[in-house]
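K.L.:
Let me give you the structure first, and then I'll get to my questions.
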Amino acid sequence: MFITFEGPEGGGKSTQIRLLADHLREHGFNVEVTREPGGTSIGDQIRDVVHDTANTMMAPTAEVLLYSASRAQLVNQLIRPALKAGRIVLCDRFADSTMAYQGYGRGLEREMLAKLTEIATGGLTPDLTLLFDIDVASGLMRRLTEGDEMNRLDLEAIDFHERVRKGYHALAAAEPKRWVIINASRPVAEVAADVQRIVAERMAAMARRP
Ligand code: TMP
């Protein structure tokens, strides 16, 4: 089973992915946790380049190709083999981030992005995508106050982040079976309980499928 964690900045995805992994492992599941960009040695090197705040000159097309290159490596090296081995893969961001940030945020043509995603993933799509939804101001404030590393995209104007958030809602509305929207502005434990329930329900539904 392949589950992705998505959302605008400061929605607490990383904390929630860790809590879900712990919970699933306590119940005897074999879990692989990874993230984008990164998750492999090659991907981590790409992450350094794409997020370096000094790279103010980066062209939007170069940016999307770097994210896609990291994704192609991750899918081939880690995600597909883990799924084949029957593991549950939890991924902090995946192709929907490209649609939300480079498509809705930067305004790159979404059909072109879909083709690029197809090349990078070989058509692999998540079984479940959780959208950790938080309003832009609270999300950015959370990142600042929690002392997270600020990347090149965090430094974009507020309206960029507003477009990203709207983009996520549009993506979720277009594929309601795959997406579940979670109100991420609530206390961590409350959000974690929701995540556990949603994942348990999806696992049960998948087990019932012929
Ligand atoms: P994070 O690891 O803190 O979530 O940061 C990842 C950043 O990279 C975040 O600002 C979103 C951005 N991003 C894209 O713009 N496009 C992508 O395809 C991916 C995977 C991430």
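In my numbering, the protein residues as written are 966 to 1175. Yeah, the Cβ is synthetic: ideal placement off N, Cα and C, and Gly gets one too.
On the three-state DSSP scale, how would you describe Ile1044?
P.N.:
helix
K.L.:
Verify the contact flag: Tyr1069, CB atom, against every heavy atom of ligand 1, threshold strictly below 8 angstroms.
P.N.:
Flag unset: Cβ of Tyr1069 not near ligand 1.
K.L.:
I need the straight-line Cα distance from Arg1162 to Arg990, nearest angstrom please.
P.N.:
15 angstroms
K.L.:
Determine the DSSP secondary structure at Arg1071, reduced to helix, strand or coil.
P.N.:
coil
K.L.:
What residues come near ligand 1, if near means a beta carbon less than 5 angstroms from any of its heavy atoms?
P.N.:
This criterion selects Glu1001, Tyr1032, Arg1058, Ser1062, Thr1063, Tyr1066 and Leu1118.
K.L.:
Count the other CB atoms, across all protein chains shown, that sit within 10 Å of the CB of Arg1130; report buried if there are 16 or more and exposed otherwise.
P.N.:
Here Arg1130 is buried. Its C-beta has 16 or more other C-beta atoms within 10 Å.
K.L.:
Hey, could you find the ends of the beta strand (DSSP E) Arg1000 is sitting in?
P.N.:
Val996 to Arg1000
K.L.:
Indicate the three-state DSSP secondary structure (helix, strand or coil) for Leu1120 in the structure shown.
P.N.:
coil
K.L.:
On the premise that Ile1007 lies in contact with Gln1038, defined as a C-beta separation below 8 angstroms, what is that separation, rounded to the nearest angstrom?
P.N.:
5 angstroms
K.L.:
For Asp1159, which of helix, strand or coil comes out of DSSP?
P.N.:
Here Asp1159 sits in helix by DSSP.
K.L.:
Just curious, the beta strand (DSSP E) that Ile968 is in, first and last residue?
P.N.:
Phe967 to Glu971
K.L.:
Could you give the DSSP three-state label for Thr1094: helix, strand or coil?
P.N.:
strand
K.L.:
If you follow the beta strand (DSSP E) that Leu1055 is part of, which residue opens it and which one closes it?
P.N.:
Ile1053 to Asp1057
K.L.:
Determine the direct distance from the alpha carbon of Val1156 to that of Asn1116, and round the result to whole angstroms.
P.N.:
Spanning the two alpha carbons is a distance of roughly 25 angstroms.
K.L.:
Where Gly1132 and Tyr1069 are concerned, what is the direct C-alpha to C-alpha distance, given to the nearest angstrom?
P.N.:
5 angstroms
K.L.:
Let's test the definition: count the other Cβ atoms within 10 Å of the Cβ of Pro1046 and tell me whether it reaches 16, buried, or not, exposed.
P.N.:
Exposed, because fewer than 16 other Cβ atoms sit within 10 Å of the Cβ of Pro1046.
K.L.:
Quick check on DSSP: helix, strand or coil for Ile1146?
P.N.:
strand
K.L.:
By the 10 Å Cβ neighbour count, where 16 or more other Cβ atoms means buried, how is Lys978 classified, buried or exposed?
P.N.:
buried
K.L.:
Determine the extent of the alpha helix (DSSP H) in which Ala1024 is found, giving its start and end residues.
P.N.:
Unbroken run through Ala1024: none, as it is neither H nor E.
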